[in-house]
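*Asks:* Numbering (the numbering used here), first residue to last: 327 to 559.
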Ligand SMILES: [Mg+2]
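1) Is it true that the CB of residue 500 sits closer than 8 Å to the CB of residue 340?
2) Only counting the same chain, and skipping five residues up and downstream in sequence, which positions put a Cβ closer than 6 Å to that of residue 515?
3) Just verifying my parser: in three-state terms, what is the DSSP assignment at residue 399?
4) Taking 8 Å as the cut-off, does the region 442-456 touch the region 464-477 (at least 3 CB pairs, one atom from each stretch)?
5) What are the boundary residues of the alpha helix (DSSP H) that includes residue 501?
6) Over what stretch of residues does the alpha helix (DSSP H) that includes residue 471 continue unbroken?
7) By Cβ distance, which residues of its chain are closer than 7 Å to residue 421, with the 5 residues on each side in sequence left out?
8) Cβ of residue 464 within 7 Å of any heavy atom in ligand 1?
9) Give a single yes or no on whether residue 503 has its beta carbon closer than 7 Å to a heavy atom of ligand 1.
10) Counting C-beta neighbours from all protein chains within 10 Å, is the total for residue 530 16 or more, i.e. buried, or is it exposed?
11) Measuring CA to CA, which of 483, 433, 349 and 460 is closest to residue 550?
12) Run through DSSP, which three-state label would residue 483 get?
13) Between the C-alpha atoms of residue 492 and residue 556, what's the straight-line distance to the nearest angstrom?
14) Distance, Cα to Cα, residue 404 vs residue 385?
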């Protein structure tokens, strides 16, 4: 294959914590509506609403906030009061304002790769919020480009590689989602690296094609440094 020159990273739960905030908000939601339905049922209804709404609203906190409100109306049979809706809006706002907590080895890894490769950040979600998170992370200077996309498909990776004067055959994408970060990158002809996160949201490990030489799994982000040195030979 052509020589690797572009290394791309997912952001949420690859470079910094994200799911912990959604998880905490879901639990709080469950407690808030436990006078209507059992907590687990409230959370399950919220999750169902969320995945239905992604098609319309996309990913991110604003979409999640609308889903909380919609679910609250549903669960309460229309009886939810303005005070409770205000509380849900506040929960959403807190999620947008939280501090960025980097995951282990993030800075070391980017420092080690910078200079030898063009580094990119590719993330799904709400443009405004993701831009703020990139700024707040203090990592922006490591990246030649920050790509905030609505979906991660093989065409997305082709388009991004082209924009950075490269091809997907020279590209590696590392992330915590097999479905978004790894499989479409491999399908596009590049290298997909799975960096597992302890709170697994959409774990589809078994879907990794066994016959591909372009799939790798590393224990943490730092594993990528040895990996690319190995690929270079
Ligand atoms: Mg992620």
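Idealized CB from N, CA, C, for every residue including glycine. For clarity, every value in this text was computed on a predicted model and none was experimentally measured.
*Replies:* From the atom records:
1) The answer is yes: Cβ separation under 8 Å.
2) The beta carbon of residue 515 is closer than 6 Å to those of 494 and 495 in its chain, skipping five residues each way along the sequence.
3) Helix, per DSSP.
4) The region 464-477 makes contact with the region 442-456; the number of CB pairs closer than 8 Å reaches 3 or more.
5) Premise fails: residue 501 lies in the beta strand (DSSP E), 497-501, not in any alpha helix (DSSP H).
6) Counted as a single uninterrupted DSSP element, the stretch harbouring residue 471 is not any alpha helix (DSSP H) but the beta strand (DSSP E) occupying residues 471-475.
7) 347, 351 and 387, listed in sequence order.
8) No, Cβ of residue 464 sits at least 7 Å from all heavy atoms of ligand 1.
9) Answer for residue 503: yes, Cβ within range of ligand 1.
10) Confidence at residue 530 is low in this model, with a pLDDT of 43, below 50, so its placement is unreliable and the value that follows should be read with caution. Exposed, by the Cβ-count rule.
11) Of the listed residues, the one whose Cα sits closest to residue 550 is 433.
12) It is helical.
13) A direct Cα-to-Cα measurement between residue 492 and residue 556 gives close to 21 Å.
14) Going by C-alpha positions, residue 404 is about 26 Å away from residue 385.
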